[in-house]
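Take a look at the structure set out below.
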Amino acid sequence: GDSVTQMEGPVTLSEEAFLTINCTYTATGYPSLFWYVQYPGEGLQLLLKATKADDKGSNKGFEATYRKETTSFHLEKGSVQVSDSAVYFCALTLSQAGTALIFGKGTTLSVSS
Amino acid sequence: GAVVSQHPSRVICKSGTSVKIECRSLDFQATTMFWYRQFPKQSLMLMATSNEGSKATYEQGVEKDKFLINHASLTLSTLTVTSAHPEDSSFYICSAPGQGAHREQFFGPGTRLTVL
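Chains as they are written, first to last, in this note's numbering: chain A, 1 to 113; chain B, 114 to 229.
This is the structure in structure tokens:
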């Protein structure tokens, strides 16, 4: 079945370090891919998305490129901040109306100053 | 962007009681809403799909008589945890798809349920 696998955390970085969180997927059809972020005590917020192969999603300095050949959607940021500390979820949905998201297990990022 | 609200944000109840959680789409209509459950330090697991005007569709392993879902209108879905027990304590999150071509999901802020 369809699934999302992302690297296990926690990831601990110093401020201004480079961040990569790996995400790979298995899906029938042509999924849309998402990264969601969950700050402590809050609900999920969409961080970025890509809806077709080679698309690059970007937001708040984060980027991820939809790689169909490697079935990957790795999240990157060149210089993390303390305020980026959160749990990051990779997710997919099939490009059909109203289908639910399939989530990875989440990766906790902790950034220290 | 579209906004989804949940109420209450936190609830503490005694074992054996029932708890109702509301999920509302505030500025758009949603014929479908999704209910997820999130255990501590784990991912979101889809519990059920709430369908306006028809029965909810439950995922395998989710007790439909335990988790009652009612999609009363195009902007409201409710999840009732019946005869709650401590193992039902969790973070419950709803979402609704927007109107865009790829039906981006908009999430509610979640409800923290603690059963004593």
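All C-beta atoms, glycine included, are put in the ideal place defined by N, C-alpha and C.
As the structure is a computational prediction, the values presented were derived from the model and not from experiment.
Would you call residue i buried or exposed, if buried means 16 or more other Cβ atoms sit within 10 Å of its Cβ?
{"i": "V228(B)", "result": "buried"}
{"i": "E15(A)", "result": "exposed"}
{"i": "E200(B)", "result": "exposed"}
{"i": "E217(B)", "result": "buried"}
{"i": "F180(B)", "result": "buried"}
{"i": "Y30(A)", "result": "exposed"}
{"i": "A115(A)", "result": "A question about residue 115(A) goes unanswered here, because the residues of chain A that appear run from 1 up to 113."}
{"i": "L75(A)", "result": "buried"}
{"i": "S79(A)", "result": "exposed"}
{"i": "Y39(A)", "result": "exposed"}
{"i": "Q6(A)", "result": "buried"}
{"i": "T12(A)", "result": "exposed"}
Looking at the strands, I want to know which residues DSSP matches up with residue i.
{"i": "G57(A)", "result": "A64(A)"}
{"i": "V80(A)", "result": "Its beta-bridge partners do not exist; DSSP assigns none."}
{"i": "F141(B)", "result": "F141(B) pairs with nothing; no bridge assigned."}
{"i": "L189(B)", "result": "R137(B), S186(B)"}
{"i": "H120(B)", "result": "E135(B)"}
{"i": "Q38(A)", "result": "L44(A), V87(A)"}
{"i": "N164(B)", "result": "T145(B)"}
Can you give the Cα-Cα distance for residue i and residue j, rounded to whole angstroms?
{"i": "S83(A)", "j": "T108(A)", "result": "13 Å"}
{"i": "A169(B)", "j": "T162(B)", "result": "6 Å"}
{"i": "S98(B)", "j": "E63(A)", "result": "The structure shown has nothing for residue 98(B), since chain B only spans 114 to 229."}
{"i": "K206(B)", "j": "T70(A)", "result": "Sequence check: residue 206(B) is Ile here, not Lys. Each residue's alpha carbon lies about 31 Å from the other."}
{"i": "Q155(B)", "j": "S203(B)", "result": "11 Å"}
{"i": "T191(B)", "j": "A86(A)", "result": "28 Å"}
{"i": "T65(A)", "j": "T28(A)", "result": "19 Å"}
{"i": "N59(A)", "j": "G41(A)", "result": "22 Å"}
{"i": "S164(A)", "j": "F18(A)", "result": "No statement about residue 164(A) is possible, as the shown extent of chain A runs from 1 to 113 and does not include it."}
{"i": "I119(A)", "j": "G129(B)", "result": "Residue 119(A) lies beyond the range of chain A shown here (1 to 113); nothing can be said about it."}
{"i": "A197(B)", "j": "K127(B)", "result": "8 Å"}
{"i": "L187(B)", "j": "P210(B)", "result": "12 Å"}
{"i": "P10(A)", "j": "C23(A)", "result": "15 Å"}
{"i": "F34(A)", "j": "T195(B)", "result": "33 Å"}
{"i": "K56(A)", "j": "K49(A)", "result": "8 Å"}
{"i": "G166(B)", "j": "F147(B)", "result": "15 Å"}
{"i": "K68(A)", "j": "Y25(A)", "result": "10 Å"}
{"i": "E176(B)", "j": "G106(A)", "result": "25 Å"}
{"i": "A91(A)", "j": "G1(A)", "result": "14 Å"}
{"i": "F141(B)", "j": "I21(A)", "result": "33 Å"}
{"i": "Q45(A)", "j": "F219(B)", "result": "8 Å"}
{"i": "L139(B)", "j": "T193(B)", "result": "20 Å"}
{"i": "Q173(B)", "j": "G104(A)", "result": "18 Å"}
{"i": "Y149(B)", "j": "V4(A)", "result": "16 Å"}
{"i": "K52(A)", "j": "L94(A)", "result": "11 Å"}
{"i": "N164(B)", "j": "Y171(B)", "result": "11 Å"}
{"i": "I134(B)", "j": "S32(A)", "result": "29 Å"}
{"i": "H184(B)", "j": "M160(B)", "result": "15 Å"}
{"i": "G223(B)", "j": "P153(B)", "result": "13 Å"}
{"i": "S110(A)", "j": "L157(B)", "result": "20 Å"}
If residue i and residue j are in contact, beta carbons under 8 Å, what's the gap, nearest whole angstrom?
{"i": "Y36(A)", "j": "F73(A)", "result": "Actually they do not touch by this definition, with Cβ atoms about 12 Å apart."}
{"i": "S208(B)", "j": "V117(B)", "result": "7 Å"}
{"i": "V124(B)", "j": "L226(B)", "result": "6 Å"}
{"i": "Q119(B)", "j": "C136(B)", "result": "5 Å"}
{"i": "G221(B)", "j": "G43(A)", "result": "6 Å"}
Return no unless some Cβ of chain E is closer than 7 Å to the Cβ of residue i.
{"i": "K105(A)", "result": "Here chain E cannot be found, since the structure's protein chains are A and B."}
Using Cβ-Cβ distances below 7 Å, what residues of the stretch 139–151 of chain B are close to chain A? T145, F147
Interfacial residues, the stretch 41–65 of chain A to chain B, with Cβ spacing under 8 Å: E42, G43, L44, Q45, L46, K49, T51
Residues within the stretch 151–170 of chain B neighbouring chain A, beta-carbon criterion of under 7 Å: Q155, S156, L157, L159, T162
Check each residue of the stretch 205–225 of chain B: if its Cβ is closer than 7 Å to any Cβ of chain A, include it; give the result in chain order. I206, P210, H215, R216, E217, Q218, F220, G221, P222, G223
Closer than 9 Å between beta carbons: that is the criterion. Which residues of the stretch 99–112 of chain A meet it against chain B? T99, A100, L101, I102, F103, G104, K105, G106, T108
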